[in-house]
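For the sequence shown, the working numbering gives the first residue as 22, with consecutive numbering after it. Beta carbons: idealized from backbone N, C-alpha and C, even for Gly. What follows is a single structure, written as structure tokens, with notes after it.
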Amino acid sequence: MPSKTAKPAKRPAKTTARTAGKTATKTATRAATKTGKAPAKRPMRNRLNDLTGAQWLFQTNTLWETTYPQDATHALRKAHGAMKPPEAMRDLIEFFTKRGERVLDPFAGVGGTLLGAAMAGRQSVGIEVDPRWQKVFQTIQREFRIDETGTIVPAPGTERAAKAARRRKPSTTFPLPTGELRPIEGELLTGSCLHRMAELPDGSFHAVICDPPYGVDHGATGFSRETNFSMEPEVAGDFGAAPTFDAFYDLIAACGEEAYRLLAPKRYLVVLIGDRYRNGRFIPLGIRVADALERSGRFVLKGVRIWTNRTTLRPLRPYAIGSAFVPNITHQNVVILRRAD
Ligand SMILES: C[S@@+](CC[C@H](N)C(=O)[O-])C[C@H]1O[C@@H](n2cnc3c(N)ncnc32)[C@H](O)[C@@H]1O
22 MPSKTAKPAK RPAKTTARTA GKTATKTATR AATKTGKAPA KRPMRNRLND
72 LTGAQWLFQT NTLWETTYPQ DATHALRKAH GAMKPPEAMR DLIEFFTKRG
122 ERVLDPFAGV GGTLLGAAMA GRQSVGIEVD PRWQKVFQTI QREFRIDETG
172 TIVPAPGTER AAKAARRRKP STTFPLPTGE LRPIEGELLT GSCLHRMAEL
222 PDGSFHAVIC DPPYGVDHGA TGFSRETNFS MEPEVAGDFG AAPTFDAFYD
272 LIAACGEEAY RLLAPKRYLV VLIGDRYRNG RFIPLGIRVA DALERSGRFV
322 LKGVRIWTNR TTLRPLRPYA IGSAFVPNIT HQNVVILRRA D
């Protein structure tokens, strides 16, 4: 028999999917107050990537300064001259996709984006108009692997791996592998991106991340050297060989149309591009390219991050000192556009 002092049992509160979380949080907070421990946090709902809230916040800074050292594949990739550190591409890919998703780079060069995707455990396709660069990437695929820490290391059985093993300390050129190795996946197609993208199915990518030629007319003009690096196009169909800057923007807009078709809804097109200084005039190429890509209404410009990799910065050059302001362009733009629908 219940004693006279016993309180009547409370009717249990009705729990719905919406209140379940709140009740659990209140209970956890009360328990935590008693024990002095911080309450366990509910995992953040994240539709875009696998980052924590703090990692996400870090990537929203419009100033992006990195110190990526040369990686193990640098000696092969440097033949290109405008290649990007795979680590930078990995960081972008990790923000704009989840593990296992698919990334496209229509201006793949020697495969910086594809290597970044492999490090991050994403699938990738690249398109490159100059077949020389496809060969470099394929050599890297044969001679390197990704270890458990996501580092690119020489593949077992290669001369590079033998050198790495002979060294007492691992170096960036010959890192020693940790744990199980996996192959560098990713397919690099040759041909002009406008043709090759047309062959790919609608909505088949979760991000398009690329680094196109930095406009046209890379020949020296005015100053003997421009204030940004130069790259002479050598193959027909290269956007860098377009007759004028306006023709270049039109080609970029056409590539944007294809990127829109290939992207899943609301996903991102990210373009790395430097600004130029030519014939005594600054050309804000990042903004011009963003305008070209927004023209059709397919994409919305979400932001521009200013990127500089301190480890590969070249010394400032004394352009027109005492005469006129001429910038030393030491940054690149990361232009971030989102599919409008
Ligand atoms: C700035 S580089 C990209 C470098 C690349 N991110 C890497 O890490 O190696 C631009 C590349 O776009 C290529 N390209 C130019 N026009 C092209 C086109 N129509 N289709 C595909 N690739 C093109 C050039 O040959 C060049 O390799």
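**Report entry** Cβ-heavy atom distance, M104 to ligand 1, below 7 angstroms
**Finding:** yes
Requested in this report: Could you tell me whether the segment 149-160 touches the segment 193-212, where touching means 3 or more Cβ pairs closer than 8 angstroms?
Outcome: yes
Query raised in the report: Whose CA, out of M104, P339, R297, lies closest to the CA of F128?
Result: M104
Report task. Return yes when the C-beta of P198 is under 7 angstroms from any heavy atom of ligand 2, and no when it is not. Result -> With respect to ligand 2, the structure shown offers nothing to examine, as its ligands consist of ligand 1.
Requested in this report: Could you name the residues of the same chain whose beta carbon sits closer than 6 angstroms to that of N330, not counting the 5 residues immediately before and after it, in chain order?
Outcome: T87, Y89.
Query raised in the report: Nearest to V292 by alpha carbon, out of R68, R98, D362, I114?
Result: I114
Requested in this report: Taking only the alpha-carbon atoms, compute the straight-line gap between L136 and S145 and give it to the nearest angstrom.
Outcome: 9 angstroms
Query - 8 angstroms Cβ shell around A219 - same chain, five flanking residues per side excluded - result: E279
Report task. May I have the straight-line CA-CA distance separating Q11 from R143, to the nearest angstrom? Result -> The first residue shown for the chain is 22 and the last is 362, placing residue 11 beyond what the model contains.
Query raised in the report: Looking at F260 and ligand 1, is the gap between the Cβ and the nearest heavy atom below 7 angstroms?
Result: yes
Report task. Could you pull out every residue in the same chain whose Cβ sits closer than 6 angstroms to the Cβ of T46, ignoring the five residues on either side in sequence? Result -> Note on T46: pLDDT 44, under 50, position unreliable in the model; the coordinate value appears next. Closer than 6 angstroms at the Cβ level, and outside the excluded window around T46, lies no residue.
Query raised in the report: Which residue or residues does DSSP assign as beta-bridge partners of C214?
Result: Beta-bridge pairing links C214 to no other residue.
Requested in this report: Go through the segment 178-232 residue by residue and report every complete run of the alpha helix (DSSP H) that reaches 4 residues or more, in order.
Outcome: 180-187, 214-219
Query - Identity of the residue in N354, V174, G343 nearest S192 by Cα - result: V174
Query raised in the report: What does V321 pair with, by DSSP beta-bridge criteria?
Result: R359
Requested in this report: Answer yes or no: do F269 and G236 have a C-beta to C-beta separation smaller than 8 angstroms?
Outcome: yes
**Report entry** Host beta strand (DSSP E) of K287 (start-end)
**Finding:** Boundaries of the beta strand (DSSP E) harbouring K287: 284-294, taken from the DSSP string.
Query - Beta carbon of V130 nearer than 8 angstroms to that of H101 - result: Inspection of the sequence shows that residue 130 is occupied by Gly rather than by Val. Yes, the pair counts as a contact, with Cβ atoms nearer than the cut-off.
Query raised in the report: CB of I308 to nearest heavy atom of ligand 1: below 7 angstroms?
Result: no
**Report entry** Own chain partners of A185 with C-beta closer than 6 angstroms, once the 5 adjacent residues on each side are dropped
**Finding:** P175, F195, L197
**Report entry** Per-residue burial, M65 [other beta carbons within 10 Å of its own, 16 or more giving buried]
**Finding:** Under a 10 Å Cβ-count criterion, M65 is classified as exposed, with fewer than 16 other Cβ atoms of the shown protein chains found around its own Cβ.
Query - Same chain, Cβ closer than 6 angstroms to K43, five either side skipped, listed in chain order - result: With a pLDDT of 44 at K43, under the threshold of 50, the modelled position of this residue cannot be trusted; read the value that follows with caution. Nothing meets the Cβ criterion.
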